[in-house]
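Heads up: the sequence shown runs through residues 533 to 638, numbered per my numbering.
The beta carbon of each residue, even a glycine, is placed where N, CA and C say it ideally should be.
On a predicted model such as this, the values are computed, not experimentally measured, just so you know.
This report refers to the structure that appears directly beneath it.
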Amino acid sequence: MSDFSKRVGKRIRVLRLQKGLSLDGLAEIASVNGKHLGKCERGQANATLEFIEKVATALDVEPKALFDNAHEKDRKSLANQLKRHIDDAEEQDLKLISRIITAVLK
């Protein structure tokens, strides 16, 4: 499968997990085959437009959200984005950001 198919599959999985849905739960809500959904999530099968529409509807997102891979930025882009957030943050938010980063990096 193509890298694009794999990225779409990963995005579906991320959105599914954010909604707290199991693979079978999403398949049932979307009225799609659970095995095919699993293969799509793993990038082992292509998703048709109809499949994309059903899954997006079940996830309560626009279909374009399944193609949004902005979260897969490279290290430099992520560092720049964090710097912008830090530069714009109020003092109390900076303290919170610092505590979160410290906890994550421990």
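Give a yes or no on whether the minimum CB-CB distance between Phe536 and chain C is below 8 Å.
Checking the listed chains, one finds no chain C in this structure; it contains a single protein chain.
Thinking just about the alpha-carbon of each residue, which of Leu591, Lys638, Arg543 is nearest to the one in Lys551?
Leu591
For a test of the three-state rule: what should DSSP assign to Thr589, helix, strand or coil?
helix
Look at the alpha carbon of Lys608 and the alpha carbon of Phe536, and state the distance between them as a whole number of angstroms.
It is roughly 22 Å from the alpha-carbon of Lys608 to the alpha-carbon of Phe536.
Within 10 angstroms of the Cβ of Lys586, are there 16 or more other Cβ atoms? Answer buried if so, exposed if not.
buried
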